Amino acid sequence: MDMTRVAIPAVLTAFLMVSCANKPAAGNQHATVLLRDGTSVSGMVLSSSASQVEISGDDKITRTIPISQVQSIQYDGTATTASQTQPAVPAPVPSEPAPAASSPANAPAAAPQAAPPPPVEQAPPHPDHYHPPEAAVTSTRHEIPAGT
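Start counting the sequence shown at 62; every next residue gets the next number (my numbering).
Dropping the structure here:
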């Protein structure tokens, strides 16, 4: 009888803790899916194929969106890998083979190698929407003189 009083709450607590630990997989990326009707859905991309995108929204609702309704998918830059941020640079090949019998004291100092160029800062992607021609923009600019 006493064993049952302890076992049942312990088992229920264990089930509750397991059900609350619903975390997205580490390989998923956070993205914003812009739909053709103008709405957007932000969340973790669970899967994507040629026919549909499955996304777990920030509102904890999982949606399966057909590709025919998707205008664009913009992935957040926080999940980039090293291969995406830095181009692969081949290792320098020595021009002369090192002599086999030379001692380290007689070896000439190695020439310093040039550092790789710093990564280029890229602007964030701009949403694809209508921009009127410059001649069509009619706005008024009001300036207040300094010291007034």
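Even for Gly, the Cβ is constructed at its ideal location relative to N, Cα and C. None of these values were measured; they are calculated from a predicted model.
- Counting only the Cα atoms, R97 lies some 24 Å from N89.
- Three or more beta-carbon pairs separated by less than 8 Å are not found between the region 108 to 117 and the region 64 to 76, which leaves the two stretches without contact.
- For Q135 against T93, the beta-carbon gap comes to about 5 Å, under 8 Å, which counts as contact.
- For E204, the secondary structure class from DSSP, reduced to helix, strand or coil, is coil.
- Taking the C-beta atoms as reference points, I116 is found nearer than 7 Å to V106.
- Just so you know, the alpha carbons of G138 and P193 end up roughly 29 Å apart.
- Here the alpha carbons of V198 and A207 stand approximately 27 Å from one another.
- Counting only the Cα atoms, S108 lies some 12 Å from I128.
- With a threshold of 16 other beta carbon atoms within 10 Å, G99 falls short and is exposed.
- Its chain contains S103, G104 as the residues whose beta carbon lies nearer than 6 Å to that of D119, once the 5 sequence neighbours on both sides are disregarded; these appear in chain order.
- Assignment of I134 by DSSP, reduced to helix, strand and coil, places it in the strand class.
- Assignment of I122 by DSSP, reduced to helix, strand and coil, places it in the coil class.
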